[in-house]
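>
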Amino acid sequence: MLGEILKIKIFDLDGNSLGETELDTKENVVREDLILRAFLSEQSKTFQPKGNFIWAGLLTTARYVGRKEAYHTLKNRGISRLPRQMFPKGRIGNVRIVPHAVKGRRAHPPKVEKKIIEKINKKEWKKALRCAILATTTEYAKRRNIVEYSPILIKGIENIKKLKDLARVLNKFFEKDFERAKKRKRRLKRKKGKKYPKSILIICGENEGIKCNLPGVDVVEAKKIKVMDLAPGGVAGRACVFTEKGLEEIKEVIE
């Protein structure tokens with residue numbers, strides 16, 4: 475099935491144009507609803523099941539004695555008749571066990587067997603991936619970022635070893651978007667670390683080994699690419715940079 479053909483411009487490391495190549499996305503319409511569903515499915519697979527200690531709130535001496543003449547009875551004391559701590563010599567303590575008591579059990583604790591993974595059909599996920607690649611065009615990328623053109627192919631970018639050289643090359647093509655990603659988002663004081671907006675996605679081939687620690691910039695192998703890489707937050711449209719090997723492998727992935 476033929477879809478919309480992506481025109482990918484080719485540049486060298488100095489920013490000189492070397493022509494263009496094509497990528498058949500096999501899709502004609504960007505299904506943003508499908509992209510969001512695939513994103514939520516991938517995100518749910520990163521969640522950790524939550525559970526509770528089965529005896530939490532129950533490891534106590536508290537009990538309720540309702541018989542009037544019994545030892546530790548709670549009748550005729552002028553207090554609420556609820557499970558209370560039992561101490562020596564007939565003394566009683568605070569209410570325990572019941573959910574509304576301090577240090578009591580939880581009424582409805584989280585269950586480990588709860589289904590937290592949202593499934594998606596393989597063909598639907600593949601279609602969502604194609605739509606996300608189609609949404610890397612400038613028309614969609616401008617909704618999310620400040621870009622002049624996307625996607626592009628930069629020859630020799632996989633051979634760059636120093637981070638400052640990689641930053642210099644990316645700054646030539648995505649200057650405004652690169653500067654935007656440097657401004658970290660405000661976070662609550664109790665949270666640690668920094669959080670930067672997403673900007674450029676570098677799609678490389680297997681074992682090309684591009685290392686990148688720039689704010690907002692991610693590197694992913696074409697064979698391991700996910701919808702959440704192309705659409706962070708479930709929002710389609712991200713500026714993309716291909717390597718030559720990465721472009722060849724992405725064609726195999728979307729087949």
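Take the sequence shown: its letters are residues 475 to 729, numbered as in the working numbering.
Note that CB positions come from ideal geometry on N, CA and C, so glycine has one too.
Nothing here was measured: the structure is a model prediction, and the numbers come from that model.
1) Hey, could you find the ends of the beta strand (DSSP E) residue 678 is sitting in?
2) Report the CB separation of residue 500 from residue 728 in whole angstroms; it is logged as a contact under 8 angstroms.
3) Could you check which residue in 704, 640, 626 has the C-alpha nearest to that of residue 718?
4) Measure the alpha-carbon distance for residue 517 versus residue 508 and round it to whole angstroms.
5) Locate the alpha helix (DSSP H) running through residue 511, then write down its first and last residues.
6) Work out the CA separation of residue 629 and residue 483 for me, nearest whole Å.
7) Could you compute how far the alpha carbon of residue 578 sits from the alpha carbon of residue 563?
8) Suppose contacts are defined by Cβ-Cβ distances below 8 angstroms. Is residue 557 in contact with residue 572 by that definition?
9) For the alpha helix (DSSP H) that residue 686 lies in, which residues bound it at each end?
10) Using CA coordinates, which residue listed in 681, 682, 703 is at the minimum distance from residue 690?
11) Start and end of the beta strand (DSSP E) containing residue 723?
12) Does the Cβ-Cβ distance between residue 698 and residue 591 come in under 8 angstroms?
13) Check each candidate in 527, 640, 670, 642 and name the one with the smallest Cα separation from residue 654.
14) What are the boundary residues of the alpha helix (DSSP H) that residue 558 is part of?
15) Apply the 10 Å Cβ neighbour rule to residue 672 and answer buried if 16 or more other Cβ atoms are within range, or exposed otherwise.
Well, looking at it:
1) 674-678
2) About 6 angstroms separates the two Cβ atoms, so the contact holds.
3) 626
4) 14 angstroms
5) 506-518
6) CA-CA distance, residue 483 to residue 629, rounds to 11 angstroms.
7) 24 angstroms
8) yes
9) Residue 686 -> no alpha helix (DSSP H), and no H or E assigned at all.
10) 703
11) Careful: residue 723 lies outside any beta strand (DSSP E), inside the alpha helix (DSSP H) at 718-727.
12) no
13) 670
14) Segment 558-560 is the beta strand (DSSP E) holding residue 558; no alpha helix (DSSP H) there.
15) In the assembly as shown, residue 672 is a buried residue. Its beta-carbon has 16 or more other beta-carbons within 10 Å.
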